[in-house]
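Visitor:
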Amino acid sequence: MKTHVTIFLVFLCLAAGGAAAAPLMYVPTGEGNEVVVIDLRADRVVQRIGELENAHGLAGNSKSRYLIAGSMKAPSRGEPSLARPGDVSEAEHEAHHGGSVPAGRATSYLSIIDRREGKVVRRIGVRGLTHHTAISPDGEYAVAVHSGAGGISVIDLDALQVIKEVDTGDWPNYAVFGGKGERLYVSNSRDGTISILSTSDWRVLGEIDVGGAPEHMVVSADGIRLYVVDADAGKVTEVALPILAVRNIYAVGKSPHAAEVPLDRRWLFVTVKGEDKLVRIDFDSGERRSIELKPAPYHIEHADVVGKLYVSSRKEPKIWVLDPRTLSIRDAIGIGRGVGHQMVVIGE
4 MKTHVTIFLV FLCLAAGGAA AAPLMYVPTG EGNEVVVIDL RADRVVQRIG ELENAHGLAG
64 NSKSRYLIAG SMKAPSRGEP SLARPGDVSE AEHEAHHGGS VPAGRATSYL SIIDRREGKV
124 VRRIGVRGLT HHTAISPDGE YAVAVHSGAG GISVIDLDAL QVIKEVDTGD WPNYAVFGGK
184 GERLYVSNSR DGTISILSTS DWRVLGEIDV GGAPEHMVVS ADGIRLYVVD ADAGKVTEVA
244 LPILAVRNIY AVGKSPHAAE VPLDRRWLFV TVKGEDKLVR IDFDSGERRS IELKPAPYHI
304 EHADVVGKLY VSSRKEPKIW VLDPRTLSIR DAIGIGRGVG HQMVVIGE
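Counting from 1, position 169 in the sequence shown corresponds to residue 172 in this note's numbering; the numbering is continuous, with no gaps.
Structure representation (structure tokens):
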């Protein structure tokens, strides 16, 4: 009898260990004022995280328990927008913000979401509205991009405080970490440059002149190529990072918005909002394919763990699910309200 009980318990442990959690995608909904959580195996919304204010930017990875959400809501005149989360005491809130941004300088805030708890646990004051955010590969630092303020804020995710403010260029739009995180790249949409920062001391080391109006970016998994979307010029510029030079230019159509490159670097995907289409470029053959997506394909995320491509709509509260190989639409996920902005997949 004892032997049978032991075998049964071992079986239960093995079964529990084999039941891996489903990969999840976190999607800020802008004026929907929440982050929706999507199970990527079932392609359905399984959770909603509220207490956000017009979040466009969201960053996170498996190395950190936190998601970092920006706010694009303009604060009341003369008042820093540092509303505390509903279940955080006033004393905790005030104690936390003591070392964040000097009094009178905070004009907006970041919301720190604990993924395990599924709620906002902190607010961090920053110097301007946050368009997009980024997180370092080791999960130790986050970056908030402040277009109107002309720079970024760097947040220590252990201390949950702003540790550096850096001016980058005219109207910065997007930030990505390169390689193992030793460099940060920031697009400056009004001066046609990409700022290069050292993440050891957050100094600006130089810039890459790409011309036009660079906005969204993606770095290849090997850290060698940077792809920069220029909505005004209807192109994506490929930068060879080892030599900091433009290598290729891909014309894609009117008003492209976002780009994505899978881990295997087989394809470049681009949403072309102005022409209601998704473009796929094969890096080896140069072959181009496109699919009509109406209305207004917007943000894009390739979930390598499930082999699917996710594209949000700028005009409707939904996310298309596509097969990246055939470009066929497999499903559409309704998110209820708002618009799907900077999507984050965790569970790769």
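Glycine included, C-beta positions come from ideal geometry on N, C-alpha and C. Only a predicted model underlies this, so the values are computations on that prediction, with no experimental measurement involved.
If you follow the beta strand (DSSP E) that Ser-65 is in, where does it begin and where does it stop?
Guide: Looking at the DSSP string, Ser-65 is not in any beta strand (DSSP E), and its letter there is neither H nor E.
Visitor: Assuming contact is defined by CB atoms lying nearer than 8 Å, are Leu-312 and His-305 in contact in what I supplied?
Guide: A contact, by the Cβ cut-off of 8 Å.
Visitor: Measuring CA to CA, which of Arg-51, Ala-145, Ser-201, Thr-196 is closest to Leu-61?
Guide: Ala-145
Visitor: Below 8 Å on the Cβ atoms is my guess for His-134 versus Ser-114; work out the distance and round it to an integer in Å.
Guide: Their Cβ separation, rounded to whole angstroms, is 15 Å, which puts His-134 and Ser-114 out of contact at 8 Å.
Visitor: Under the assumption that Ala-152 contacts Gly-131 (Cβ atoms under 8 Å), give the Cβ distance between them as a whole number of angstroms.
Guide: 3 Å
Visitor: In its own chain, which residues sit with a C-beta less than 6 Å from the C-beta of Val-91, not counting the 5 before and 5 after it?
Guide: At Val-91, the pLDDT of 47 sits below 50, so the modelled position is not reliable; the number obtained from the coordinates is stated separately. Within the same chain, Val-91 has no close Cβ partners at all.
Visitor: In this structure, does DSSP put Glu-54 in helix, strand or coil?
Guide: coil
Visitor: What is the rounded straight-line gap between the Cα of Gln-164 and the Cα of Asp-285?
Guide: C-alpha separation (whole angstroms): 42 Å.
Visitor: Rounded to a whole number of angstroms, what is the C-alpha to C-alpha distance between His-96 and Val-40?
Guide: At His-96, the pLDDT of 41 sits below 50, so the modelled position is not reliable; the number obtained from the coordinates is stated separately. Computed Cα separation, rounded: 26 Å.
Visitor: Between Leu-160, Ser-156, Ala-147, which lies nearest to Asp-141 when the distance is taken from Cα to Cα?
Guide: Leu-160
Visitor: Below 8 Å between beta carbons: does that hold for Thr-202 and Glu-218?
Guide: no
Visitor: Hey, how far is the Cα of Asp-326 from the Cα of Arg-47?
Guide: 16 Å
Visitor: Give a yes or no on whether the C-beta atoms belonging to Thr-32 and Gly-226 are separated by under 8 Å.
Guide: no
Visitor: Grab me the residues of Val-148's own chain with a C-beta within less than 6 Å of its C-beta, minus the 5 sequence neighbours each way, in chain order.
Guide: His-134, His-135, Ile-155, Pro-175, Ala-178
Visitor: What distance in whole Å lies between the Cβ atoms of Lys-76 and Asn-64, which are believed to be in contact at a cut-off of 8 Å?
Guide: The Cβ separation is near 26 Å, so there is no contact.
Visitor: What are the start and end residues of the beta strand (DSSP E) that includes Ile-338?
Guide: Counting along the chain, Ile-338 falls outside any beta strand (DSSP E), and DSSP gives it neither H nor E.
Visitor: Using the three-state DSSP reduction, which class does Glu-241 fall into: helix, strand or coil?
Guide: strand
Visitor: Glu-194 and Asp-170 look like a contact to me (Cβ under 8 Å); what is the Cβ gap, rounded to whole Å?
Guide: The residue you asked about is not Glu; residue 194 is Asp in the sequence shown. Not a contact, Cβ separation roughly 12 Å.
Visitor: With a CB to CB cut of under 7 Å and the five nearest residues on each side skipped, what residues in its chain are close to Asp-42?
Guide: Ala-25, Leu-27, Val-49
Visitor: Measuring only the C-alpha atoms, how far is Val-242 from Ser-316?
Guide: 28 Å
Visitor: Quick check: what's the CA-CA separation for Glu-54 versus Ile-199?
Guide: 34 Å
Visitor: Taking the straight line between their C-alpha atoms, what separation do you get for Val-275 and Leu-208?
Guide: 32 Å
Visitor: Using 10 angstroms around the beta-carbon of Pro-245, count the other beta-carbons present and answer buried if the total reaches 16, otherwise exposed.
Guide: exposed
Visitor: Here's a check: name, in chain order, each residue in its chain whose Cβ is nearer than 8 Å to the Cβ of Gly-350, leaving out the five neighbours to either side.
Guide: Ala-24, Ala-25, Pro-26, Leu-27, Leu-43, Ser-65, Val-308
Visitor: Can you name, in chain order, every residue of its own chain whose Cβ lies under 6 Å from the Cβ of Gly-182, other than the five neighbours on each side?
Guide: Gly-226
Visitor: Could I get the ranges of all uninterrupted beta strand (DSSP E) runs contained in the segment 277-337, with 3 residues as the minimum, in chain order?
Guide: 280-285, 291-295, 300-306, 311-316, 321-325, 332-337
Visitor: Need the endpoints of the beta strand (DSSP E) that Thr-274 sits in, please.
Guide: 270-275
Visitor: I'd like the span of the beta strand (DSSP E) that includes Gln-164, first residue to last.
Guide: 164-170
Visitor: Going by DSSP, what residue range makes up the beta strand (DSSP E) through Gly-226?
Guide: From DSSP, Gly-226 is part of no beta strand (DSSP E); its letter is neither H nor E.
Visitor: Could you give the distance in angstroms between the alpha-carbon of Glu-278 and the alpha-carbon of Ile-322?
Guide: 17 Å
Visitor: Since I believe Lys-122 is in contact with Ile-52 (beta carbons under 8 Å), could you give me their beta-carbon distance rounded to a whole number of angstroms?
Guide: 6 Å
Visitor: For the beta strand (DSSP E) that contains Lys-257, what are its first and last residues?
Guide: Here Lys-257 belongs to no beta strand (DSSP E), and DSSP marks it neither H nor E.
Visitor: Is DSSP giving Gly-128 helix, strand or coil here?
Guide: strand
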